[in-house]
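Residue numbers (this note's numbering): 46 to 341. In this text, a Cβ means the ideal position worked out from N, Cα and C, and glycines have one as well. Being a predicted model, the structure only gives us computed values, none of them experimental. Here the structure comes first, spelled out in structure tokens, and everything after it is commentary.
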Amino acid sequence: MPDSAGVEASHARWRARVQQTLERALPEPQDEPRRLQAAMRHAVLDGGKRMRPLLVYATGATLGCDDAMLDAPAAAVELIHAYSLVHDDLPAMDDDALRRGKPTVHVAFDEATAILAGDALQSLAFELLVQAPAAPDVRLAMLHELAVAAGVRGMCGGQALDIDATGRQISLAALQRLHALKTGALLRAAVRIGAIAAGVDAVAMARLDAFADALGLAFQIRDDLLDIEGDSATLGKTAGKDRAQDKATFPALLGVEASRRRLDELAVAMSEALEPFGAGAASLAALGRRAIARDH
Numbered sequence: 046m047p048d049s050a051g052v053e054a055s056h057a058r059w060r061a062r063v064q065q066t067l068e069r070a071l072p073e074p075q076d077e078p079r080r081l082q083a084a085m086r087h088a089v090l091d092g093g094k095r096m097r098p099l100l101v102y103a104t105g106a107t108l109g110c111d112d113a114m115l116d117a118p119a120a121a122v123e124l125i126h127a128y129s130l131v132h133d134d135l136p137a138m139d140d141d142a143l144r145r146g147k148p149t150v151h152v153a154f155d156e157a158t159a160i161l162a163g164d165a166l167q168s169l170a171f172e173l174l175v176q177a178p179a180a181p182d183v184r185l186a187m188l189h190e191l192a193v194a195a196g197v198r199g200m201c202g203g204q205a206l207d208i209d210a211t212g213r214q215i216s217l218a219a220l221q222r223l224h225a226l227k228t229g230a231l232l233r234a235a236v237r238i239g240a241i242a243a244g245v246d247a248v249a250m251a252r253l254d255a256f257a258d259a260l261g262l263a264f265q266i267r268d269d270l271l272d273i274e275g276d277s278a279t280l281g282k283t284a285g286k287d288r289a290q291d292k293a294t295f296p297a298l299l300g301v302e303a304s305r306r307r308l309d310e311l312a313v314a315m316s317e318a319l320e321p322f323g324a325g326a327a328s329l330a331a332l333g334r335r336a337i338a339r340d341h
């Protein structure tokens, strides 16, 4: 089993790779329209955990895929995530002023520019992915995964359910479905895209799906707990927003202690799903643990 230093070195290398890919893909700030270009860079660069691109790289590495095959897919997933945050922070949505420790795009620029920046980041993600150095059928499969995760059967559908649930009591099953779409879909797509790039078989994909589904739920439960227990400076976004807006969350429905117990159960589920991959999944397993233990 690789030691923790080796795993952290891999994660650091992948963060550097995706940062370089994003910087090359994003338009230069001096190009016209300058305000839009600057807003896009503000949304993507200099911040974020890069959890989703790390999942692409770590899954690919688990299956023996070369990093160079994963650069474009990893950056594409991060662009979709960044676009979703820009739109999620808008006044018509969560109306937040802080993201990744700096003013949100509509605050730093203006609302119209933020809408356009989100739109442009989404388009750029697919432009980048279609240029990935992979066979046409592999690119098509990755494009399909990302499109589904971003649309009505993924993030957009989950966001709509979240809006509908605000201020209402919903069942645990409904809450889990909401977050499987809003948060889990893109995390799952990141794992699946890394696996597709590596030429995964159906048996391995099913195991990775089980890991990703547990990860997505764990990530959201931890997010809900951090909204209660964290502070804005550490989180890089406004703490206490869920309670203030009467959002449907796991602690609100289950209570804090039951939510923590559910995290423990999901940690076991992730470990069991990755067990057949052995030591090769060390970097991927570490991301699962980080999703639960993170402080922001």
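Length at least 4, wholly inside the region 198-246: the alpha helix (DSSP H) runs in chain order: 200-210, 217-224 and 230-242
Delimiting residues of the alpha helix (DSSP H) encompassing E302: V301 to L319
G244 beta carbon less than 8 Å from that of L226: no
Beta-carbon spacing of A83, V131 below 8 Å: At least 8 Å separates the beta-carbon of A83 from that of V131.
Pairwise C-alpha distance: D258 and L308: 13 Å
Length of the line joining the Cα atoms of P136 and D48: 45 Å
The region 331-339 in contact with the region 259-275 per 3-pair CB rule at 8 Å: Verdict: yes, contact present.
Pair within 8 Å by beta-carbon distance, A120 and P98: yes
S304 Cβ short of 7 Å to the ligand SAM heavy atom set: The model on display carries no ligand, and the ligand SAM is accordingly not part of it.
Assigned exposure category for E73 - 16 Cβ within 10 Å defines buried: exposed
Which listed residue (A142, G146 and L169) has its alpha carbon closest to that of E156: A142
Runs of alpha helix (DSSP H) lying entirely within the region 97-144, each at least 4 residues, in chain order: 116-133
Residue environment, R79, which counts as buried when at least 16 other CB atoms sit within 10 Å: With fewer than 16 other Cβ atoms within 10 Å, it is exposed.
Inter-stretch contact (C-beta, 8 Å, three-pair minimum) for the region 292-301 and the region 312-319: no
Anticipated Cβ contact below 8 Å, T107 with G325, distance rounded: 5 Å
Delimiting residues of the alpha helix (DSSP H) encompassing A192: P181 to A195
Same chain, Cβ closer than 8 Å to L231, neighbours up to 5 away in sequence not counted: R97, V122, I125, H126, S129, A194, A195, G199 and M200
Burial state of A50, where buried means 16 or more other Cβ atoms lie within 10 Å: A residue is called buried once 16 or more other Cβ atoms fall within 10 Å of its Cβ, and A50, having fewer, is exposed.
Under 8 Å between C-beta atoms of G105 and A192: Not in contact: G105 and A192 (Cβ atoms no closer than 8 Å).
Closest residue to Q290 among V301, A170, D272 and V63 (Cα-Cα distance): D272
Neighbourhood of T66 by C-beta distance below 6 Å, restricted to the same chain and skipping five residues each side: D116 and A120
Cβ-based burial, Q167 [other Cβ within 10 Å; buried from 16]: buried
Residue range of the alpha helix (DSSP H) that includes D343: In the structure displayed, the chain extends from 46 to 341; residue 343 sits before or after that span and is not available.
Same chain, Cβ closer than 8 Å to M46, neighbours up to 5 away in sequence not counted: Because the pLDDT of M46 is 44, which lies under 50, any placement of that residue in the model is unreliable, and the number read from its coordinates should be weighed accordingly. Cβ within range, chain order: A324 and A327.
Outcome for A61 when other beta-carbon atoms lying within 10 angstroms are tallied against a minimum of 16: Here A61 is exposed: its Cβ has fewer than 16 other Cβ atoms, across all protein chains shown, within 10 Å.
DSSP bridge partner residues for K147 (one or two, in chain order): Bridge partners of K147: R144.
Coil, strand or helix - T66 by DSSP: helix
Cutoff 6 Å; reference L206; Cβ partners in own chain excluding five residues on either side: L223
Buried versus exposed, by CB contacts within 10 Å (16 or more), V248: Exposed, because fewer than 16 other Cβ atoms sit within 10 Å of the Cβ of V248.
Neighbour-count burial assignment, L220, 16 or more Cβ in a 10 Å radius: buried
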